[in-house]
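Each remark here refers to the structure printed beneath this line.
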Amino acid sequence: MYLELQELTKNYGELTAVDNLNLGIESGELVCIVGPSGSGKSTTLRMVGGFILPTMGQVYLENKDITRFPPHLRPTSTVFQNYALFPHLNVMENVIYGLKRRKIKDKEACRHGNEILETVGLQRYAGQSVLDLSGGEQQRVALARALVTNPKVLLLDEPLSNLDAKLRVRMRREIKDIQTNFNIATLYVTHDQEEALSIADRIVVMNHGKVEQIGRPAEVYHHPGTAFVADFVGRNNFLNLPDGRRISIRPENIRLSLDDGHITGRVMQKQFMGPYTTYFIECGQGIIQVDQFFDATIEIPLGSMVSLQWPQAAEINIGI
Amino acid sequence: MRETPFWHNSKRSVANKTAGVSFKDTPFQELSEKLIYILLGSSLLLFILWPILLVLKESLHGNSGLSLGCYYQLFSQNRRLISDSFLLAVASSALSVTLGLVMALYLTYSHWKGKLFIYAVLLLSMISPPFIAALSYVMLFGRRGFITYKLLHLSINPYGWHGVLIMQVLGFASIAALLIMGVLSSRDQSLEQASMDLGATPLQTLLRVILPVAKPGIIVAFLLVFVQVLADFGTPIIIGGNFSVLASEAYLQVIGLYDLPKASAMSTLLLIPSLLMFLIYRRMMNRSHFSSPSVGSSSNELMRLSPFTNLFLGVLTLSFVGFELLKYLTIFWGAFARTWGVNFSFTLNHIVDTLGAGKMDSFWRSLEYSLIAAIICSFMGMLLSYYLERKKYWGHSFFDFVATLPFMIPGPFLGIAYLLAFHGPPIDMTGTALIVICNCMFRQIPVSTRAGAAVLTQISPDIELSAKDLGARDLRVFFDIILPQLKPAFLVSFINTFTATMTTVGAIIFLISPGSKLATVELFEFVKIGKIGEAAVFANLIILATLIINLMFSFIIMKRKLRNQYLGGEGVYVSGIARAN
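Same order as they appear, the protein sequences are chains U and V. Just so you know, we're using my numbering here: the first sequence kicks off at 141 and counts up by one. Just so you know, we're using my numbering here: the second sequence kicks off at 127 and counts up by one.
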């Protein structure tokens, strides 16, 4: 493994923020850590970046123990949630700050700075104050600043959470593009599971400081390892079957019909979502969500009794 | 689109530089950083804590070892003095805060454009030497006062407690007004909109919502004014007549009788209520609800008070402004009147005399000391705020406490403290410039540190982490990243220390040698011996100098603030707090 976290643990007094976390990241791989707030994902990232010392455990980079290296000597670069741009420096000065700390001459530093700004499409803003940039542009400066020093690991802490929805989707693609081009091992923290599914090579789902599941996005989505993962990643329904099993089933895997099915219920509400309509059905054990793809021939009115059907393969057993 | 990405051809050179960083650098780096901390900490101990402890020790000085003799004597012989001091302080601060509140409300809610002028007058009175109010009082209402004697042909005795009370109320109302304005400006406007929306009149909103919510801020203003009134010895000496308070008595004990134990005991009596007030102040500040004004509230329409309320507030405010203008006019005129009270004809003699006969030395010396103190104090304050607010090394909360001590210590107390600490072995700085500059500097350290800390709390810690992440070491982070962003705090601290040193008389009057007087001390002595012409010239000089420097630096701050919107009202608030000292 290129970057390896071994039995990483962080205690704050009684509270265990991160509990015995093991994770390996291949060179060039993008791994997303996803989880609700307080799940320990940011703490993990900051331990890799050197901003928080772990209570126990090690961080290895290329088989070298870097657990206790201070941040300024670590070959990792972080893009912070609020970008942490230096407000008194302009775009170029921000970008080449790390190069100058490595005693690289101004001229050469500026050449690198220009190249990286071109990569992120901000070359013409080089002399501007970072305070005059929009959120998306600031984000790109932060990314350029982190990448210009040629770090071995890129750390992204909720990088898109301050952007609006449309921009978020676009920046997601840009980050992935740049990450692929640089072929840099990346640890990406987000609370947005959709973002994680779309961008990651592998996903780490965390809850209460513990790893719930590690896997490829499709694996985590279709085969959640725990009830928490099933609930947290994507939308899901939980059902107790007559045979005593408890299963989860995705809304898109259920079909509504007026014939007999596994379970019957009443349509309480429906939401038009464009390509599909989500029905909310009361079936005696809570509200079940069902996504029906648009079909002009079927229009189910509110209050109708319907039955729910699904293929056996779509059932996920989540214990008793 | 990216045929020859630079990271391929340049990877080697950058990577080599990265590898060149040696891990052995770290311990040395930390050492120099800790050394600075130790230096800062020990200077706080030497120049703040030690002198203060010496006063306490001196006050327990007896014929044989420690004794409570001084206090016993004080309480048995000077009971009247003690009760007068506290009664006056309570009355003066209550009245000046009431007047201040009225003006703050008027300035906050009035729609009249002229309120900017009122604000300017308030600021002007903040940067004037404290006892010029008393000087103008003597000039207008004294035995040969322009109004009482010349216009009304009365010969009344204006000296006594009532004169002191009036002058203190007028003198401290501006601070109170600015402090309360600071609190009101950070109010959440949606509260008053909600109140009006629910059917309350503007007056009801004012009384039921705004004032209760602003209460902690008003109490804080009261406490800060109280501490200063208690320490004010200039006003009672000039217009108290036979009426005296602890502060003025302590001054006379040192200057006239050189009875240091008794002066120390009196000062300690002044310190106790100040300390109490400060503890309450800290509690109130922690509970204060004025953390963040709601976003975008500035575009809201200002609440309109009823015409009657507006008139009431306006008349009181404008009377105060009228008095202030009269004060400055009187002092300005005083510099040109041949013999105040006898012959009001125009003359340039006072000005020629003052500018000629070597008296300007003290003025230039004041300027020089003020500039030196302001630069060193601001730099130290910024470093200190960084260490105390961010680094939090061992003992930081103790040093934070020591660095805040001068904030609550009456000026004369610190003067006597330096007299005891640095007049003789092991450290003898008698009559030097150093002792005066140190005193002025360390008195303002709390304000500088606080100004720095206020800005620091607005800088995301991630920015520091980011600099470290990019390869900067700790001290580098301070100089590269923190200090440039602390510039507004540095400027606020600079103006404050400069103004305070230019106008202070409380502490340094005990420390200067007769050969190297400062402008305020010279002015104070002119007033005491009744040389009104010379006093007026000096007062004008001091006001002019502080005004010019303040205008210059305020201009710089304003310009910066327009650029860095995110600093918001913090600067105004910080300087409000700063001025309160």
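No residue lacks a Cβ here, since even glycine has one placed at the ideal position from N, Cα and C.
Item to check | According to DSSP, residues forming a beta bridge with N347 of chain U | outcome: Position 207 of the first sequence, counted from the first residue, corresponds to residue 347 of chain U. Answer is U:K350.
Item to check | 8 Å Cβ cut-off: residues of chain V touching S388 of chain U | outcome: On the first sequence, residue 388 of chain U is found 248 positions in, with the first residue counted as 1. Neighbours of S388 of chain U on chain V: none; closest Cβ ~38 Å, over 8 Å.
Checklist entry - Taking the C-alpha atoms as reference points, what is the distance between G632 of chain V and T207 of chain U? => result Taking the second sequence and counting its residues from 1, one reaches residue 632 of chain V at position 506. Taking the first sequence and counting its residues from 1, one reaches residue 207 of chain U at position 67. The straight-line gap from Cα to Cα measures roughly 56 Å.
Checklist entry - What does S488 of chain V reach in chain U if we use C-beta pairs closer than 9 Å? => result Translated into the one-based positions of the second sequence, residue 488 of chain V becomes position 362. Per Cβ cutoff of 9 Å: no residues; S488 of chain V is ~40 Å from chain U at best.
Item to check | Simplified DSSP assignment, three categories, for V288 of chain U | outcome: Reading the first sequence from its first residue, position 148 is the one you call residue 288 of chain U. Coil at V288 of chain U, not helix or strand.
Checklist entry - Is DSSP giving H331 of chain U helix, strand or coil here? => result For the purposes of this step, residue 331 of chain U is taken as residue 191 along the first sequence, with counting starting at 1. When DSSP states are grouped into helix, strand and coil, H331 of chain U belongs to the coil group.
Next on the checklist: Could you give the first and the last residue of the continuous beta strand (DSSP E) run that contains N84 of chain U?
Outcome noted: Chain U is shown from 141 up to 460; residue 84 of chain U falls before or after that span and cannot be answered.
Checklist entry - Thinking C-alpha only, which one of U:I236, U:R312, U:N457, U:N151 is nearest G253 of chain U? => result The count along the first sequence starts at 1 and reaches residue 253 of chain U at position 113. For G253 of chain U, the nearest C-alpha among the options comes from U:I236.
Item to check | Length at least 4, wholly inside the segment 523-583 of chain V: the alpha helix (DSSP H) runs in chain order | outcome: DSSP runs (the alpha helix (DSSP H)) wholly in the segment 523-583 of chain V: 537-547, 559-582.
Checklist entry - Would you say I635 of chain V reaches chain U, if we count a Cβ-Cβ gap shorter than 8 Å as a contact? => result Along the second sequence, read from residue 1 onward, the residue named residue 635 of chain V stands at position 509. Not closer than 8 Å to any Cβ of chain U, the Cβ of I635 of chain V fails to qualify, so no.
Item to check | C-alpha gap between M232 of chain U and A266 of chain U, whole angstroms | outcome: Counting from one through the first sequence, the residue named residue 232 of chain U turns up at place 92. Counting from one through the first sequence, the residue named residue 266 of chain U turns up at place 126. Their backbone Cα atoms lie some 5 Å apart in a straight line.
Item to check | Segment limits, alpha helix (DSSP H) that includes Y245 of chain V | outcome: Taking the second sequence and counting its residues from 1, the one referred to as residue 245 of chain V is at position 119. Element bounds for Y245 of chain V: 241-252.
Checklist entry - Which bits of chain V does S118 of chain U rub up against, with CB to CB less than 8 Å? => result This structure does not reach residue 118 of chain U, given that chain U is present from 141 up to 460, and the question cannot be answered.
Next on the checklist: Within 10 Å of its beta-carbon, does D399 of chain U have 16 or more other beta-carbons around it, so buried, or fewer, so exposed?
Outcome noted: Residue mapping note: residue 399 of chain U aligns to position 259 of the first sequence, counting from 1. By the neighbour-count criterion, in which a residue is buried when 16 or more other Cβ atoms sit within 10 angstroms of its Cβ, D399 of chain U is exposed.
Next on the checklist: Assuming contact is defined by CB atoms lying nearer than 8 Å, are V339 of chain V and L304 of chain V in contact in what I supplied?
Outcome noted: Within the second sequence, the letter at position 213 stands for residue 339 of chain V. Within the second sequence, the letter at position 178 stands for residue 304 of chain V. Judged by beta-carbon spacing, L304 of chain V lies beyond the 8 Å limit of V339 of chain V, meaning their Cβ atoms are not closer than that value.
Checklist entry - Does DSSP put Q411 of chain U in a helix, a strand or coil? => result To locate residue 411 of chain U, count along the first sequence from 1; it is residue 271. Three-state DSSP puts Q411 of chain U in a strand.
Checklist entry - By the criterion of Cβ-Cβ separation under 9 Å, what are the contact partners of N222 of chain U in chain V? => result Numbered from its first residue, the first sequence carries residue 222 of chain U at position 82. Under the 9 Å cutoff, chain V gives S586, D588, I589.
Checklist entry - Taking 8 Å as the CB-CB limit, is Y419 of chain U close to chain V? => result Here residue 419 of chain U corresponds to residue number 279 of the first sequence, with the count starting at 1. So, not an interface residue.
Next on the checklist: Beta carbons nearer than 8 Å to chain V: which residues of the segment 234-247 of chain U have them?
Outcome noted: Across the segment 234-247 of chain U, CB contacts with chain V closer than 8 Å involve Y237, G238, L239, R241, R242, K243, I244, in sequence order along the chain.
Next on the checklist: Pairs of beta-carbons, one from the segment 378-388 of chain V and one from the segment 507-526 of chain V, closer than 8 Å: are there three or more?
Outcome noted: Too few Cβ pairs lie closer than 8 Å, so no.
Next on the checklist: From the DSSP secondary-structure annotation, give me the bridge partner or partners of S400 of chain V.
Outcome noted: As a position in the second sequence, residue 400 of chain V is number 274, starting the count at 1. According to DSSP, which records beta bridges pairwise, S400 of chain V is partnered with nothing at all.
Checklist entry - Touching or not, the segment 270-277 of chain V and the segment 192-202 of chain V, by the rule of three or more beta carbon pairs under 8 Å? => result No, because fewer than three Cβ pairs between the segment 270-277 of chain V and the segment 192-202 of chain V fall closer than 8 Å, the two stretches do not touch.
Item to check | Uninterrupted alpha helix (DSSP H) stretches inside the segment 608-666 of chain V (no shorter than 4 residues) | outcome: You should have 613-629, 645-654.
Item to check | Range covered by the beta strand (DSSP E) that runs through C423 of chain U | outcome: Along the first sequence, read from residue 1 onward, the residue named residue 423 of chain U stands at position 283. Taken as a continuous stretch (DSSP letters only), C423 of chain U belongs to no beta strand (DSSP E), as it is neither H nor E.
Checklist entry - Applying a beta-carbon distance threshold of less than 7 Å, which residues of chain U neighbour P610 of chain V? => result Within the second sequence, residue 610 of chain V is the residue found at index 484, counting from 1. Contacts between P610 of chain V and chain U, judged by CB atoms closer than 7 Å, involve H228 in chain order.
Checklist entry - Does R599 of chain V come within less than 8 Å of chain U when only Cβ atoms are used? => result Sequence index remark: in the second sequence, residue 599 of chain V carries index 473 (1-based). Closer than 8 Å: yes.
Next on the checklist: Pull the bridge partners of R395 of chain U from the DSSP assignment, please.
Outcome noted: Position 255 of the first sequence, counted from the first residue, corresponds to residue 395 of chain U. Looking at the DSSP assignment, R395 of chain U forms a beta bridge with U:Q449.
Next on the checklist: According to DSSP, is M468 of chain U part of a helix, a strand, or is it coil?
Outcome noted: This structure does not reach residue 468 of chain U, given that chain U is present from 141 up to 460, and the question cannot be answered.
Item to check | DSSP-derived helix/strand/coil call for R375 of chain U | outcome: Locating residue 375 of chain U in the first sequence gives position 235, where the first residue counts as 1. Coil.
Next on the checklist: What ranges does the alpha helix (DSSP H) occupy inside the segment 197-277 of chain V, keeping only unbroken runs of at least 4 residues that lie completely in it?
Outcome noted: Whole alpha helix (DSSP H) segments, 4+ residues: 205-235, 241-252, 258-267.
Checklist entry - So D297 of chain U is in the beta strand (DSSP E); what residue range does that whole segment cover? => result As a first step, residue 297 of chain U must be located in the first sequence, where it is residue number 157. From DSSP, the beta strand (DSSP E) with D297 of chain U extends over 293-297.
Checklist entry - Do you know how far the Cα of S619 of chain V is from the Cα of S574 of chain V? => result Taking the first residue of the second sequence as 1, we reach residue 574 of chain V at position 448. Taking the first residue of the second sequence as 1, we reach residue 619 of chain V at position 493. Going by the C-alpha atoms only, they are around 5 Å apart.
Item to check | Anticipated Cβ contact below 8 Å, Y328 of chain U with L170 of chain U, distance rounded | outcome: Counted from its first residue, the first sequence places residue 328 of chain U at position 188. Counted from its first residue, the first sequence places residue 170 of chain U at position 30. Confirmed, about 6 Å.
Checklist entry - Roughly how many angstroms lie between the CA atoms of V295 of chain V and F243 of chain V, to the nearest whole one? => result Walking along the second sequence from the start, residue 295 of chain V turns up at place 169. Walking along the second sequence from the start, residue 243 of chain V turns up at place 117. Taking the straight line from one Cα to the other gives about 21 Å.
Checklist entry - According to a CB-to-CB cut-off of less than 7 Å, which residues of the segment 287-304 of chain U neighbour chain V? => result Interface annotation for the segment 287-304 of chain U against chain V: T289, N290, criterion Cβ-Cβ distance under 7 Å.
Next on the checklist: Using beta carbons (cut-off 8 Å, strictly below), is G189 of chain U in contact with chain V?
Outcome noted: In the first sequence, residue 189 of chain U corresponds to position 49, counting from 1. True, the Cβ-Cβ gap to chain V drops below 8 Å.
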